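Mind the numbering: the sequence shown is residues 1 to 252 in full-length UniProt numbering, read in order.
Idealized CB from N, CA, C, for every residue including glycine.
Owing to the predicted nature of the structure, the values given are computational and were not obtained by experimental measurement.
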Amino acid sequence: MASYIQDEAGTAGYYDPEKNEMGDHYRLSETTPMYVRHGFVRKVFLIVFLQLLFSFGFMLFAYFVTPVREFFIRVPYLGYAGAIAFFIASLVISCKPDLVRTKTSSTVALMLMTPCMALMLTTFCCHFQSIEIAIAAGVTTLVVGLLGLLALQTKYDFTSWLSYMIIVGVVFFVFVLISFFFMTKILYLVISAIGCVIVSIYILIDIQMIMGGKRKYQFTVDDYCLASIILYSDIITLFMDILRIVSASSSV
1 MASYIQDEAG TAGYYDPEKN EMGDHYRLSE TTPMYVRHGF VRKVFLIVFL QLLFSFGFML
61 FAYFVTPVRE FFIRVPYLGY AGAIAFFIAS LVISCKPDLV RTKTSSTVAL MLMTPCMALM
121 LTTFCCHFQS IEIAIAAGVT TLVVGLLGLL ALQTKYDFTS WLSYMIIVGV VFFVFVLISF
181 FFMTKILYLV ISAIGCVIVS IYILIDIQMI MGGKRKYQFT VDDYCLASII LYSDIITLFM
241 DILRIVSASS SV
């Protein structure tokens, strides 16, 4: 979860090329022309799809090519480096979203951050069985689809939870770090389950912020790169949590 614009905030305009005039807000509000809103949503979901396609494609290639898989198992530092680089880049663009509001900077950010996440995903998946990965992928697809339907169909504004969920996420992260010192199989399973719930709520918030409308928080029309990265990383995180649960459950 990262940058957003509060519904009451901001008065900057966006350019409406069909009307040759400036709109009221950068945010995707009720006054935003429908084609502008739809164009933004299509762009974000297309980028996320391509990111997932690249990441899982690379992971599957590395997984089923034995020498490559053995390399990632022997040298997990590539995955660690990718995770750290992705985290730092996410933190930077969350604090300074203007950095990725141009076409050039957005393209560069996506081309750098997506491979970083792919390295982390590949390193992670190489330690699991293929059937576990397949089950986790199927469950993740189903869960994300249901979350998308819920986010679109409900009138409830999940974005109002954003501030609280940021706090919950920080507290959970600290708890996970502390848990490493006394980790057990049951605790591992519980942490993964809690992680799934938290990330699922994040995805609900992500989708509603992308769709805009009568939401407390929402992305601006220039935030397609930021919105894509956030939703993409949350889906990958959900998949990893589900994969942990599938693996831990099969070995209990």
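When the alpha-carbon of LEU53 is set against those of PRO76, VAL108, ALA137, the nearest one is in ALA137. For SER200 and VAL144, the gap between their C-alpha atoms comes out near 8 Å. The alpha-carbon of ALA193 is positioned some 28 Å away from that of ILE47. Spanning the alpha carbons of GLN51 and THR114 requires a straight line of approximately 6 Å. In its chain, beyond the 5 residues on either side, PHE61, ALA62 have a beta carbon closer than 8 Å to the beta carbon of VAL68. Rounded to the nearest angstrom, the Cβ distance from SER105 to LEU112 is 11 Å, too far for a contact under 8 Å. Rounded to the nearest whole angstrom, the C-alpha separation of VAL174 and LEU121 is 22 Å.
At the C-beta level, PHE172 and ILE198 come within 7 Å of one another. In this model, LEU150 and ILE205 are separated by some 11 Å (Cα to Cα). The alpha-carbon of SER163 is positioned some 23 Å away from that of LEU146.
DSSP places SER94 inside the alpha helix (DSSP H), whose first and last residues are 77-95. Taking a C-beta distance under 7 Å as the contact criterion, ILE210 and VAL44 qualify as a contact pair.
In this structure, the straight-line span from the alpha carbon of TYR188 to that of ALA248 is close to 8 Å. Annotation: the continuous alpha helix (DSSP H) that includes LYS185 extends over 185-211. Counting only the Cα atoms, THR184 lies some 35 Å from SER228. Within its own chain, the residues whose Cβ lies closer than 8 Å to the Cβ of GLU132, once the five positions on either side in sequence are excluded, are LEU243, VAL246, SER247, SER250, listed in chain order. For THR104, the uninterrupted alpha helix (DSSP H) segment begins and ends at 103-125.
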